[in-house]
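Numbering (this note's numbering), first residue to last: 5 to 326.
Using N, Cα and C, we set each Cβ at its ideal position, and we do this for glycine too.
Here's the structure, in structure tokens; my notes come after.
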Amino acid sequence: MKIGLVREAGGFGDIICLGGASRALKLEDPSVDIVAFVPKQFVDIALHLRGINAVVSLGSLADITKTRRGRDTSLVQAKDSKYLSVIYKSRCDKYVDLFCPAFLYECTEKGPLRFTRSQLFAMAAGAKSIKHAFPRWKIGQKEMDSANKLFRSYGFSGKTVGVAFRSTCSTRTYPKRYAVEVIKRLLGFGLNVVYFEGASVHFDLPEGVVVCKEPFGIFAGVASRCDVLLTVDSCLLHLGQALRKKVVVIYANKDGKPFNDYCSSITTVDGSSDKCRIPCNYAAIKGWDKRKCRPVGCPRMDTNTPDRVVKAVLSAMGMPNE
Numbered sequence: 005m006k007i008g009l010v011r012e013a014g015g016f017g018d019i020i021c022l023g024g025a026s027r028a029l030k031l032e033d034p035s036v037d038i039v040a041f042v043p044k045q046f047v048d049i050a051l052h053l054r055g056i057n058a059v060v061s062l063g064s065l066a067d068i069t070k071t072r073r074g075r076d077t078s079l080v081q082a083k084d085s086k087y088l089s090v091i092y093k094s095r096c097d098k099y100v101d102l103f104c105p106a107f108l109y110e111c112t113e114k115g116p117l118r119f120t121r122s123q124l125f126a127m128a129a130g131a132k133s134i135k136h137a138f139p140r141w142k143i144g145q146k147e148m149d150s151a152n153k154l155f156r157s158y159g160f161s162g163k164t165v166g167v168a169f170r171s172t173c174s175t176r177t178y179p180k181r182y183a184v185e186v187i188k189r190l191l192g193f194g195l196n197v198v199y200f201e202g203a204s205v206h207f208d209l210p211e212g213v214v215v216c217k218e219p220f221g222i223f224a225g226v227a228s229r230c231d232v233l234l235t236v237d238s239c240l241l242h243l244g245q246a247l248r249k250k251v252v253v254i255y256a257n258k259d260g261k262p263f264n265d266y267c268s269s270i271t272t273v274d275g276s277s278d279k280c281r282i283p284c285n286y287a288a289i290k291g292w293d294k295r296k297c298r299p300v301g302c303p304r305m306d307t308n309t310p311d312r313v314v315k316a317v318l319s320a321m322g323m324p325n326e
């Protein structure tokens, strides 16, 4: 049996979530071959996911975006699309459309969310059980050697926190005024801090913080050396889960309940606000309005104070909060 998983949109985190589907399918039938179809920029990411046997490029994100199908358009309806034509050359027995199963669920579920994105991907792929539908990351020996060398160059002693406070959406990005305070407090507790940033850091980092901008394979190796990862809803959350690390994730307009229910290694710091009583998960039926929400940010994020975040990190570290 050969199964094709097709994901032409999203970012690093969504590609890592493919690993939840591949792992669930492999646990049920180790003989199944799984092919991931992803944009060219994410081929290397998919190759690091356990359970995926082969990866095929759909072309560049820029080219895909020009003719990308709508969320309500199925693979069959879009079969003549140029960038999707490559999937049929692989002659899979089954193709799984993973364009937006999680987004559609999050935008239509009226109550609290019950499943993580990895689990939703696994459900869409036909997995009978989603109990273990979580991604697992493979680190190459050369990548790990480079990461270890880099980590030694930091000159750290003691425990280390890996931090990422920026997301692709402003409503999920941790406020600058809080971010600096959290990092200063972590340093004050004698912790080392590595800040993971793919582009430019969105605030001035306190002295003593190391910035990691390595290629993603080495980036993952450095993350694996950290004792705890502290992040907003971004790729570091999904990578941390795939690396089986302790993760503290700060939520605002999204719902941390699924991770609380299924992942003991992940601690969520959930915001609250009288203005937004429930996390909207980008659902209009729960109050999301892109034109209003993105410019001002989510009021739920303001309640994720440095006190709450630092307390969660110290707890994950097994350290007293005093």
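Anticipated Cβ contact below 8 Å, residue i with residue j, distance rounded
i: Leu195; j: Val165; result: 5 Å
i: Phe220; j: Phe200; result: Contact flag wrong, Cβ pair sits at about 10 Å.
i: Thr307; j: Gly260; result: That pair is no contact at about 13 Å.
i: Cys280; j: Thr175; result: Between Thr175 and Cys280 the Cβ distance is about 10 Å, and since that is not below 8 Å, they are no contact.
i: Val47; j: Ser61; result: 5 Å
i: Arg140; j: Ala246; result: 6 Å
i: Ala316; j: Ser238; result: About 17 Å separates the two Cβ atoms, so there is no contact after all.
i: Gly23; j: Ser122; result: 7 Å
i: Ile19; j: Ile49; result: 5 Å
i: Leu241; j: Gly17; result: 7 Å
i: Asp101; j: Ser64; result: About 21 Å; that fails the 8 Å criterion.
C-alpha distance - residue i paired with residue j, whole-angstrom precision
i: Leu209; j: Gln45; result: 29 Å
i: Ala227; j: Leu233; result: 7 Å
i: Ala183; j: Glu12; result: 32 Å
i: Phe119; j: Asn264; result: 10 Å
i: Ala131; j: Leu29; result: 6 Å
i: Asn285; j: Asp278; result: 17 Å
i: Val10; j: Phe107; result: 15 Å
i: Ser268; j: Lys86; result: 43 Å
i: Ile282; j: Lys93; result: 45 Å
i: Phe138; j: Val197; result: 27 Å
i: Leu31; j: Arg181; result: 45 Å
i: Met323; j: Cys297; result: 36 Å
i: Asp97; j: Val36; result: 10 Å
i: Ile254; j: Glu147; result: 29 Å
Residue i burial status per 10 Å Cβ neighbour count (16 or more: buried)
i: Ala66; result: exposed
i: Arg75; result: exposed
i: Asn257; result: buried
i: Arg156; result: exposed
i: Gly8; result: buried
i: Thr235; result: buried
i: Gly55; result: buried
i: Pro34; result: exposed
i: Pro116; result: exposed
i: Met321; result: buried
i: Ser89; result: exposed
i: Arg84; result: As written in the sequence, residue 84 is Asp, which differs from the Arg given in the question. By the neighbour-count rule (16 or more Cβ atoms within 10 Å), Asp84 is not buried but exposed.
i: Val252; result: buried
i: Pro299; result: exposed
Nearest neighbour of residue i, chosen from the options [CA to CA]
i: Cys21; options: Cys173, Leu124, Arg312, Leu154; result: Leu124
i: Tyr99; options: Thr71, Asp84, Ala128, Ala28; result: Ala128
i: Ser150; options: Val314, Glu218, Ser64, Thr309; result: Glu218
Cβ of residue i within 9 Å of any chain B Cβ
i: Phe207; result: Of the chains in the structure shown, none is chain B; there is only one protein chain.
May I ask you to verify whether the stretch 286-302 touches the stretch 103-120, counting CB pairs closer than 8 Å and requiring at least 3? yes
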